[in-house]
Amino acid sequence: MEPTAPLEEGAPLVPFVKAGVDPEVAAIKQLLKLLDKAAKSARTYGTKNPVAQRFFQQFYDDLTSHLATHSRLPLLVQRNQLFFKDEVVYQPERDATGDSFAFKMYSDGIRELSFHQGLTQEDLAYFLDALWGTPTDEAGSVEQPADVEEDDDIVTRLWARNLDTITLVTAEELVRSSGFGPDELELQTQGYMSMSVTSLRELLDRERAAAAPEPAGQPGTADQPGGGTSGGGTSRNRRFQANVVGYDVSQEEHDALTQEIQRETERDATAYILDILTAVLASEPSPALLSKLFDVWDSVLDVLIRGGHWTQIETVLTLLQDADAVRPDLSETHKQQLAGLFEGLSRPERLKAIGLHLNHALHAKTEGLLTLLLMMKQDSIPGLCSLLANLDGPSHQAVVMEALQTLARDHSDAIVRGLTDKRPTYVRNLLTLISRWNDARFADCIEKTLRHPESAVRREALRILATLRPSGNGTKLVGLLSDSDETVRLTAMKVLSSGQYSAGFTVWAPFVSADDFHDRSPAEKRAIYLALKQTAADEAVPYWQGLLTEWSWTNRKKKEELALLAADILGKLATPAAVAALEIGQKKGGAAVRQACTSALSVANRQHRQSIPSAANS
């Protein structure tokens, strides 16, 4: 896992920040997600609805916390995006321009929005109301200055209130500034919010301060009614007075602008339908129509699942979860219908549709899918296991595994049954899932996979088994020393050599007495003898003593090699029985064996002397 970047003291917390990512930028992104939710819920349910108030309060608390540390939050406004420190911190979902508060501000001429320390809930509520409708006071009545009309834009509404904690920079101000002209109205985001001066308001003030004032009374000066730097100021002023756009554009520019406006105003049909259904859910008084509405929601979920619209599904399910808060007047029948929507999420045809979509698009995004899976009930676990088994993409498998990790922890029967499956990838995924639970009660189940035909499964099972059961009877592990996969054999030897397992010599005897044991490499035979020493101890001494004194005309060289290894292991064992066996080998063995026994006795005696102080101290 990549280290989390440090946050400045007092900065809003971000759930996870990758190295190299500005934590303040990440915090602002989370903050604007809350603003988006607050604005949408207020438009859908009204500002007095508990859901809308909850989102509003959360956004206000996080925003004021940020302002307490940084004093100001400037946001550069572009057509459908908000920028902070040269980073995009907000943009709506694809083709959702109509719901974008960035587009709403941009279309009203706002190019920068700044929140300042000291912001009150009343000021923030007025801003959100001004963004989408007529501002209201705390009692819900219209709070509108006398010179503000109902169809006034955001700028007019906010200037009428004269807020000092929420400030704006408009396109008109940029044009009028001595440092900007009409051809610079289309701002480039690169660099503006990462400079030492991080606000367009400050940029404007700096440009005005740097500009040399022209003599008073001359045409075209900034303080004249036609203010500007060219002789066309008077004509421009007349056009502003006549409510005509004050910029000269070519036909080509006009056509391009028209096309862009058309693209930005096009509304995603699915999002539009969901907005309508949400509005109906929030306000429909007829019980009969509400019943039909829940049937419609069920059909909508089918369509969204087949299309893989996970983020929209997440939005729908979150909405339905809050339905009780939105509609506290729901009858028991309606509540049962609502519960049925969630119980039906794991219907076989839906799980099949999820699998078909993901396998059809292996690189398809899965954002929002986990929410859908986690909202399924416990009886969905077998279906989710089947889904996992049939998915092709590792990233898609990972999402299902994450859901099963939560749902199946206390309902693991389907997981355990799946360990007998012949599909290696599926079984390995289940083993990984079990390992995350870190529960020793699954050790017996994992042991069964040690006989799986795929070596990769056996390796994974052995690794997890050693973690879940770090001690105990090593009989089944000894059986793995004859595995066809070298990695499995070596891993089993390593586990047995840990000293945490026991296995009597009767378990080892068929293995070390087999003819093919002599054909193993010297390193492997040594590792096996070390494992034998750790698991059987003195029970193996007679076997090793026999090797020291054995004389044979066949396989003489290989048997002598085993005898030398036996002497070395007995010296390390250093028990009285091991010492006695070495003394016998010192007398009755061949020349090389006698020399090896002498060296091993020295090792054993040294170990004995070192253990005496320890025993005395204990």
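The numbering of the sequence shown is the working numbering, which starts it at 7 and goes up by one. Glycine included, every Cβ here is placed at the ideal spot set by N, Cα and C.
- Taking a C-beta distance under 9 Å as the contact criterion, VAL547 and GLY577 do not qualify as a contact pair.
- Non-local beta-carbon contacts of ALA449 in its own chain, meaning distances under 7 Å to residues more than five positions away in sequence, involve LEU471, LEU474, ARG475 in chain order.
- DSSP lists PHE121 as the beta-bridge partner residues of ILE172.
- Setting aside the 5 residues that flank it on each side, ALA587 is surrounded in the same chain by VAL547, TRP550, GLN551, LEU554, LEU576, each with a C-beta closer than 7 Å to its C-beta; the list follows chain order.
- Beta-bridge annotation (DSSP): LEU81 is paired with LEU119.
- In terms of Cα proximity to HIS458, the closest of LYS482, LEU425, THR171 is LEU425.
- Of the candidates ASP419, LEU40, TRP138, LEU40 places its Cα closest to the Cα of VAL95.
- Nearest Cα to GLU178 within the set ILE172, VAL302, LEU130, GLU118: GLU118.
- Residue environment for LEU38: buried (at least 16 other C-beta atoms within 10 angstroms of its C-beta).
- The continuous beta strand (DSSP E) containing LEU88 extends over residues 88 to 90.
- In this structure, DSSP gives ASN55 a state outside helix and strand, which the three-state scheme calls coil.
- Under DSSP, GLY389 shares a beta bridge with no residue.
- Only residues of its own chain outside the window of five on either side were considered, and among them PHE61, PHE62, PHE65 have a CB closer than 6 Å to the CB of ALA44, listed in chain order.
- Rounded to the nearest whole angstrom, the C-alpha separation of THR173 and PHE121 is 7 Å.
- Distance from the CA of ALA520 to the CA of ALA542, rounded to the nearest whole angstrom, comes to 18 Å.
- Apart from sequence neighbours up to five positions away, the residues of its chain that approach LEU437 with a beta-carbon distance below 8 Å are LEU425, ILE452, THR455, VAL463, GLU466, ALA467, ILE470, ordered along the chain.
- In terms of CA proximity to THR75, GLU30 leads the group LEU296, GLN601, ASN55, GLU30.
- Between LEU283 and VAL306, the C-beta spacing is below 9 Å.
- Annotation for LEU295: VAL286 place their beta carbon closer than 8 Å to its own, counting only its chain and skipping 5 residues before and after.
- Per the coordinates, the alpha-carbon of GLY314 lies some 15 Å from the alpha-carbon of LEU393.
- VAL95: member of the beta strand (DSSP E) spanning 93 to 96, first to last residue.
- According to DSSP, residue pairing for GLY478 in a beta bridge involves TYR507.
- The shortest C-alpha to C-alpha distance from SER418 to any of HIS524, THR431, LEU390 is the one to LEU390.
- In the structure shown, LEU368 falls within a coil segment according to DSSP collapsed to helix, strand and coil.
- A contact is defined here as three or more CB-CB pairs under 8 Å, and the stretch 368 to 384 fails this definition with respect to the stretch 330 to 337.
- A straight line joining the alpha-carbon of GLU128 with that of LEU325 spans about 27 Å.
- For GLY552, the enclosing alpha helix (DSSP H) begins and ends at 547 to 555.
- Per DSSP, the continuous alpha helix (DSSP H) segment holding PHE109 begins and ends at 107 to 113.
- Our two residues, LEU280 and SER401, have alpha carbons roughly 29 Å apart in a direct line.
- Closest by C-alpha distance to GLY115, out of VAL175, PHE523, THR171, is VAL175.
- Only residues of its own chain outside the window of five on either side were considered, and among them ILE311, ARG312 have a CB closer than 6 Å to the CB of ALA359, listed in chain order.
- In the DSSP annotation of this structure, the continuous segment of the alpha helix (DSSP H) that includes MET499 starts and ends at 492 to 502.
- If you draw a 10 Å sphere on the C-beta of LEU180, you find 16 or more other C-beta atoms in it, and that means buried.
- For a cut-off of 8 Å, the C-beta gap from PHE90 to ILE34 is around 5 Å, short enough to register as a contact.
- Under the three-state reduction of DSSP, GLU567 is assigned to helix.
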